[in-house]
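**Q** Numbering (mature numbering (1 follows the signal peptide of the UniProt record, and there is no 0)), first residue to last: -34 to -1, 1 to 1122.
Don't be surprised by glycine CBs; every beta carbon is placed ideally from N, CA and C.
All values derive from a computational prediction rather than experimental measurement.
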């Protein structure tokens, strides 16, 4: 009946003591000792804990090693940190030497306390004598609630001490520091001595294990309805929850009976020990050894000593019941010569007369089931199929035929109806078909539950969102299972979205097909629960180029493996009247919690059926690292998620250092550097609203989170500077104005001081929040005080109000916080805690923002608030210009716009940003207006000489930006001119940031006229151009406001080419025993007629001989050898258009070159 513990988002990896079905054994013909599998040695009987002090018996040191993460050791010091006079320490005596390879510490944050109270600096020391200590772990600046410390090599010791030098933040109310440890665990094994040689056990055989019969439980803990039979290897269950869920359909109110035989490895007096959650009984040799049919948990029971003969089998039985909450069960034994260990799997055998299956599975396609028997089968009776019954989830399936499988001990049962994924299949035999083993043994009746290998590989956890314009785009993220990869479809990793107009069909030419990026398709091994893992594929794809205002249907997946059909309608070109949903904190620890969320979601859509999207402000799940919660979050309302985009913020329970949020959603990831997690800071437009989503991360920020949030604030400012939308909405998780449990948290108060001035400056209309699980609507807040004298329209609604509205709408699930006492409620206009889920619908019009909030199950909103705005945008600034200061900085000047009614909506300032991001991805600034001042200037910091910039300046009134006025600074000239007179080309080095030839233009008349560049180097034609006449520059671009850059002029002249410039001759001459000339010809002009390269050997200036070789288009390299030696020899090379007896002089096609 122990309370189930749900891990928080700060738990990045749960540590398992041992896997629930791990086998540990004694090797045949070996001593009886075998090193046990690693477990928490501090959980063993006889282990004790002491400390420098503790506040009460409820916080005694023993609570840090009791295996219960809801109890803890607490020591409160004074207002000083620990020191030599007042040390903080917790010491564990393992009772015997233990070899440890890993330590795990659960700090304050593990159990939900603020992370600022996590132990910050500490060491772990070990000792063999409690006198001499060795430090094996040193930690500084820890911020995590759960820390795991893997040792580079195991340590062996009896005593283990946790020394705390910085326990975390002091209590703000008292200033006192406190140590707070929920669990101190050490994983390894207790040192034991091997026994003398013993009776050699029988070799491992097919009839080993225990027959496990699983039942539903009754209120008096007796056995209820039978559910399943299987074979379990041993009694060593760290977590029985998934086992009970698999075989009984429930994790609570279940019973199990294990029967079989036990064969001890040697003759000795054995003591059995059992510990579990909840009650259990043990019989050995038909005698009760332990009887603890008690509804408690984790209290080890020691049985009576029983003498057993080595190599002899004894009847064995265990009965167990689980009430509610967690579940585990362990069986250990010891002898006078063997330390206490888990009873290994190889000493267990099935019941003596058991003739049923020892293993079984349903094939991956669901068409057949295999049962493995303990021995080879005789010929199968023809009537066997009529004596077998197969039931899948209480639905009978007809047996078509039965045959022997791939081995003589295997039965293959062919089914008329395919088994579906996750169905529990029961196979029963009535014992009346005269089924026999090959040795003549008759197989008796049995009932067996085979493993169901049928996996559902169809898409799950489908999330549709905005990534790009809602007018033309939709983004999608989904998972597929990757359990048993060999059984999965070959194309399971394909990430495809098919979209078709709503009145058309898939499989027609009207389908648009979009394929995700391969790098965004990831195979993930994730924790499903705290003790089970699973493998999934995360898929993403974006549909683009859709038609605005059009209804579509879609499916995701891969060919032959599609999801159910979803639907959406793209935003119209002009759509200022619409509605959307707002919910928060659906987080739950079990499936029921998400069923409540799904019901809240359903009610929201019933009240707001035309919702264009849903905003959720974080804590979608309770433990972001546990996939079971994500699958319930998406799975319970999947039919609704198929039809509405979900725009979710990340909460502290999803966690900054866990990427499951990123895998499950497909949002833009280009806002800041390295967001935690990716895709958690983004914005989108819908209608005349610009909605910005922030990531408030964990409780207590480390340096990475602080830097991330600093970048987010800069991003937010630039987002507001750039937007042309009327309504500006911010959504994030950790409410800076609320009244619940977190209202006075130090991180909340710090965030409030950080953010409200930013929201005031930016003119944010509404902030949608979460985290504090209460309902609160603020006053219009400005400068951290309620705005007074708010003007109202004829309906009593605020009209063009100052300040910002802050909302938090309780929880869409089952977790609620009380309104906290001692909170100054000056900012709250409406608040309550109805202990019911709440959802809100937001209705937008061109001039109004209305938020209606509903309690679950009620037909009318209990709170409605409307903001009306009929204000107009200010006029743009005039005469914007860019110049340079004397030190080369860019200086912007402009004239403020005229305002018709400055008393109502005066220009209060100016927003400036660099359009191309050349001053940083999120650089912007705000210049306050000065009363009666018309002319303004701003020196832009960080600009670089020679770089061009494009600046936008907007006038800002109470809320709105004007249309942007833009100005570009002059671009620098290209550099490094290259004049190639032979080829008639002009080359250069590009201006940084302008790599495309289309960005340039050139001139051959000194800049009088300009032509578009087609290549670099640019052909300019064969003509005489004096130096400086040929020029190139970055051309102007009217669409972006870019002016033409400075020009680069030729530094050498171009001259008319002649026939001698058809080829260029280059080469090298080598002298030795022979004279070797290597020549390369380079064409400088188009030429297709005859050509000959002629070599003339000279002795000094005296011609010796000449040789000619025809020049082919594909042969432009020549090697010529002369059998002469001496320093006076040289070679002259020519190219002629002919080499024959014609007495006319040939044309020279190249300038001769003399090689010497």
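1) Could you work out which residue in 588, 120, 1087 is closest to residue 555 when comparing CA atoms only?
2) Report yes if the C-beta distance between residue 778 and residue 742 is below 8 Å; otherwise report no.
3) For residue 241, tell me which candidate among 107, 785, 257, 1010 has the shortest Cα-Cα distance.
4) Determine the DSSP secondary structure at residue 1102, reduced to helix, strand or coil.
5) In the DSSP assignment, find the alpha helix (DSSP H) that holds residue 680 and state where it starts and stops.
6) Grouping DSSP H, G and I as helix and E and B as strand, with all else coil, what is residue 285?
7) Give me, in chain order, the residues of the same chain whose beta-carbon lies closer than 6 Å to that of residue 355; leave out the 5 immediate sequence neighbours on both sides.
8) Is it true that the CB of residue 788 sits closer than 8 Å to the CB of residue 739?
9) Classify residue 963 as helix, strand or coil using the three-state DSSP reduction.
10) Enumerate in chain order the residues of its own chain whose CB-to-CB distance from residue 521 is below 6 Å, with the five nearest sequence positions on each side excluded.
11) Report the CB separation of residue 409 from residue 194 in whole angstroms; it is logged as a contact under 8 Å.
12) Assign residue 991 to buried or exposed, taking buried as 16 or more other Cβ atoms, counted over all protein chains shown, within 10 Å of its Cβ.
13) Would you please state the rounded distance, in angstroms, between the beta carbons of residue 665 and residue 713? I believe it to be under 8 Å.
14) Pairing CB atoms from the segment 795 to 815 with CB atoms from the segment 649 to 661, are three or more of them under 8 Å?
15) Going straight from the alpha carbon of residue 120 to that of residue 69, what length do you get?
16) State yes or no: is the C-beta of residue 330 within less than 8 Å of the C-beta of residue 186?
17) Which word fits residue 1126, buried or exposed, when buried means at least 16 other C-beta atoms lie within 10 angstroms of its C-beta?
18) Quick one: is residue 1106 buried, meaning 16 or more other Cβ sit within 10 Å of its Cβ, or exposed?
19) Find the nearest neighbour of residue 35 within the set 841, 74, 1051, judged by alpha-carbon distance.
20) Count the other C-beta atoms from every protein chain shown that fall within 10 angstroms of the C-beta of residue 755, then say buried if there are 16 or more, exposed otherwise.
21) Below 8 Å on the Cβ atoms is my guess for residue 605 versus residue 443; work out the distance and round it to an integer in Å.
22) Looking only at its own chain, which residues have a Cβ that is under 6 Å from the Cβ of residue 159, when we skip the five neighbours before and after it?
23) Only counting the same chain, and skipping five residues up and downstream in sequence, which positions put a Cβ closer than 8 Å to that of residue 1115?
24) For residue 1122, name the three-state secondary structure that DSSP assigns.
25) What number of angstroms, rounded off, separates the C-alpha of residue 986 from the C-alpha of residue 1002?
26) Leaving out five residues on either side along the sequence, give the residues of the same chain with a beta carbon under 6 Å from the beta carbon of residue 930.
27) Where residue 137 and residue 47 are concerned, what is the direct C-alpha to C-alpha distance, given to the nearest angstrom?
28) Let me make sure I understand the geometry here. Which of 283, 261, 817 has the alpha-carbon closest to that of residue 252?
29) Quick check on residue 570: does DSSP put it in helix, strand or coil?
30) Report the CB separation of residue 998 from residue 952 in whole angstroms; it is logged as a contact under 8 Å.
31) Near residue 478, what residues of its chain come up, given a Cβ to Cβ distance below 8 Å and the 5 sequence neighbours on each side ignored?
32) What are the start and end residues of the beta strand (DSSP E) that includes residue 355?
33) So residue 874 and residue 843 are in contact, right, with Cβ under 8 Å, and what is the actual spacing, rounded?
34) Output yes or no for whether 8 Å exceeds the beta carbon distance between residue 780 and residue 717.
35) Exposed or buried, which one is residue 259 when buried takes at least 16 other CB atoms within 10 Å?
36) Confirm, please, whether the CB-CB distance from residue 902 to residue 909 is below 8 Å.
**A** For this structure:
1) 588
2) no
3) 257
4) strand
5) 669 to 688
6) strand
7) 394
8) no
9) helix
10) 464, 528, 529, 531
11) Rounded, the Cβ-Cβ distance is 20 Å, inconsistent with contact.
12) buried
13) 6 Å
14) yes
15) 11 Å
16) no
17) Residue coverage of the chain in this structure runs from -34 to 1122, which leaves residue 1126 outside it and unanswerable.
18) exposed
19) 74
20) exposed
21) Not confirmed; about 17 Å, so no contact.
22) Any reading at residue 159 must be qualified, since the residue scores a pLDDT of 40, below 50, and its modelled position is unreliable; the value itself is stated next. Same-chain partners within the cutoff: there are none.
23) 1025, 1026, 1028, 1029, 1053, 1057, 1101, 1102, 1103
24) coil
25) 21 Å
26) 918, 920
27) 12 Å
28) 283
29) helix
30) 7 Å
31) 464, 465, 466, 509, 511, 512
32) 354 to 358
33) No, residue 874 and residue 843 are not in contact; Cβ-Cβ is about 13 Å, not under 8 Å.
34) no
35) exposed
36) no
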